[in-house]
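Numbering (the numbering used here), first residue to last: -3 to 207.
Glycine included, every Cβ here is placed at the ideal spot set by N, Cα and C.
Only a predicted model underlies this, so the values are computations on that prediction, with no experimental measurement involved.
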Amino acid sequence: MRQFLDRTREAGVRLIESDGLRLAKMCGSHGHQGVVARVDPLAQVKSLDELLEQLEASGGEPPLLLVLDGVTDPHNLGACLRVADGAGAHAVIAPKDHAAGINATVAKVASGAAETVPYFMVTNLARTLGELKERNIWCIGTADDAPKTIYDVKLTGPVALVLGAEGEGMRQLTRKTCDELVSIPMRGAVESLNVSVASGVCLYEAMRQRT
């Protein structure tokens, strides 16, 4: 807390001492950990098309996207956003009717990534994947029965990594729309990884290859 107070003073932020009850009223819960801040939202791109056009115009690194099909748990979504930020993914995409939206739980678990990583909820995920393919973005889905592993594919070009919810995996149409399917090698007794952990494995392999 002392370090935090020093940083706020350096930034010229006005500090107001308050009791816990007042802070709980301001943020809507008692999970404030002793600090509440009033901030302006960071400017973010408004659409996936706008983001992809910006990336194309900048001539920088090729797009790296994380697509989540059926991830409805806000804790999982928050963790996926956090790992997407850490690995340098440009956006996270999910279907409107089959996914968690951004809420207070997601924002807290994401530890800031909900404000830095664009999260696009699309009406039709299969159609969106088709549009990504038209932009020459290779759509790679994860499936336990895929013959190749994530380490066998080239991830240095424009890539969208598609992951489904634990247990059910991707929906059939999403799976069919992917250009390629890969698996994550499992050598222990468990059959699958948590979706946020799987996202981390895939995204960081892409980052490793690009680095």
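Collapsed DSSP secondary structure at Pro91 in the structure displayed: Walking along the sequence shown from the start, residue 91 turns up at place 95. In this structure, Pro91 counts as strand in the three-state DSSP scheme.
Do the CB positions of Thr138 and Val158 come within less than 8 Å of each other? Start at 1 with the first residue of the sequence shown, and residue 138 comes out as number 142. Start at 1 with the first residue of the sequence shown, and residue 158 comes out as number 162. Contact: yes.
Excluding the 5 residues preceding and the 5 following Val79 in the sequence, name in chain order all residues of the same chain whose CB lies nearer than 7 Å to its CB. Taking the first residue of the sequence shown as position 1, residue 79 is located at position 83. Here the set comprises Ser192, Ser195, Gly196 and Leu199.
Quick check on Thr4: does DSSP put it in helix, strand or coil? Mapped onto the sequence shown, residue 4 falls at position 8. Helix at Thr4.
Go ahead and pull the three-state DSSP assignment for Asp214. Beyond the ends of the chain as shown, which are -3 and 207, falls residue 214; an answer cannot be given.
What distance in whole Å lies between the Cβ atoms of Val105 and Leu75, which are believed to be in contact at a cut-off of 8 Å? Taking the sequence shown and counting its residues from 1, the one referred to as residue 75 is at position 79. Taking the sequence shown and counting its residues from 1, the one referred to as residue 105 is at position 109. Strictly speaking, residue 75 in this sequence is Ala, with Leu absent from that position. Going by Cβ atoms, the distance from Ala75 to Val105 rounds to 6 Å, so yes, they are a contact pair.
Measuring CA to CA, which of Thr4, Asp65 and Gly56 is closest to Lys172? Position 176 of the sequence shown, counted from the first residue, corresponds to residue 172. Ranking Thr4, Asp65 and Gly56 by Cα distance to Lys172 puts Asp65 first.
Based on Cα-Cα distance, which residue from Asp141, Leu151 and Gln50 lies nearest to Ile133? On the sequence shown, position 137 is the one that residue 133 refers to. For the options Asp141, Leu151 and Gln50, the alpha carbon positioned closest to that of Ile133 is the one of Leu151.
Note down the Cα distance separating Gln(-1) from His26, rounded to an integer number of angstroms. Here residue -1 is taken as the residue at index 3 of the sequence shown, counted from 1. Here residue 26 is taken as the residue at index 30 of the sequence shown, counted from 1. Each residue's alpha carbon lies about 22 Å from the other.
Of the residues His71, Ile89, Gln50 and Val35, which one's Cα is nearest the Cα of Asn190? Along the sequence shown, read from residue 1 onward, the residue named residue 190 stands at position 194. Comparing Cα-Cα distances from Asn190 to each of His71, Ile89, Gln50 and Val35, the minimum goes to His71.
Could you name the residues that DSSP lists as bridge partners for Leu48? Working through the sequence shown from its first residue, we reach residue 48 at position 52. Partner(s): none; Leu48 has no beta bridge.
Given Gly97, which residues of its chain have a CB within under 8 Å of its CB, disregarding the five upstream and five downstream residues? If you number the sequence shown from 1, residue 97 lands on position 101. Excluding sequence neighbours, Gly97 sits near Met117.
Can Leu44 and Ala100 be called in contact, C-beta distance under 8 Å? Along the sequence shown, one-based indexing puts residue 44 at 48. Along the sequence shown, one-based indexing puts residue 100 at 104. Judged by beta-carbon spacing, Ala100 lies beyond the 8 Å limit of Leu44, meaning their Cβ atoms are not closer than that value.
Given a threshold of 16 other Cβ atoms within 10 Å of its Cβ, counted over all protein chains shown, does Leu38 qualify as buried or as exposed? Along the sequence shown, one-based indexing puts residue 38 at 42. The Cβ neighbour count for Leu38, taken over all protein chains shown within 10 Å, is under 16; the residue is labelled exposed.
Work out the CA separation of Cys174 and Ile89 for me, nearest whole Å. Your numbering for residue 89 matches position 93 in the sequence shown. Your numbering for residue 174 matches position 178 in the sequence shown. About 14 Å.
By how many angstroms is the C-alpha of Pro114 removed from the C-alpha of Pro58? Taking the sequence shown and counting its residues from 1, one reaches residue 58 at position 62. Taking the sequence shown and counting its residues from 1, one reaches residue 114 at position 118. Roughly 16 Å between the two C-alpha positions.
For Val67 and Ile136, believed in contact at Cβ under 8 Å, the rounded distance: Position 140 of the sequence shown, counted from the start, is the residue given in the question as residue 136. Position 71 of the sequence shown, counted from the start, is the residue given in the question as residue 67. Not confirmed; about 17 Å, so no contact.
Go through its chain and collect everything with a Cβ distance to Met(-3)'s Cβ below 7 Å, but skip five positions before and after it. Against the sequence shown, residue -3 aligns to sequence position 1. These residues qualify, in order along the chain: Gly30.
Cutoff 7 Å; reference Gly55; Cβ partners in own chain excluding five residues on either side: Position 59 of the sequence shown, counting from 1, holds the residue named residue 55. There are no such residues.
Check whether the Cβ atoms of Leu62 and Ala122 lie closer than 8 Å to each other. By 1-based counting over the sequence shown, the position of residue 62 is 66. By 1-based counting over the sequence shown, the position of residue 122 is 126. No, they are not a contact pair.
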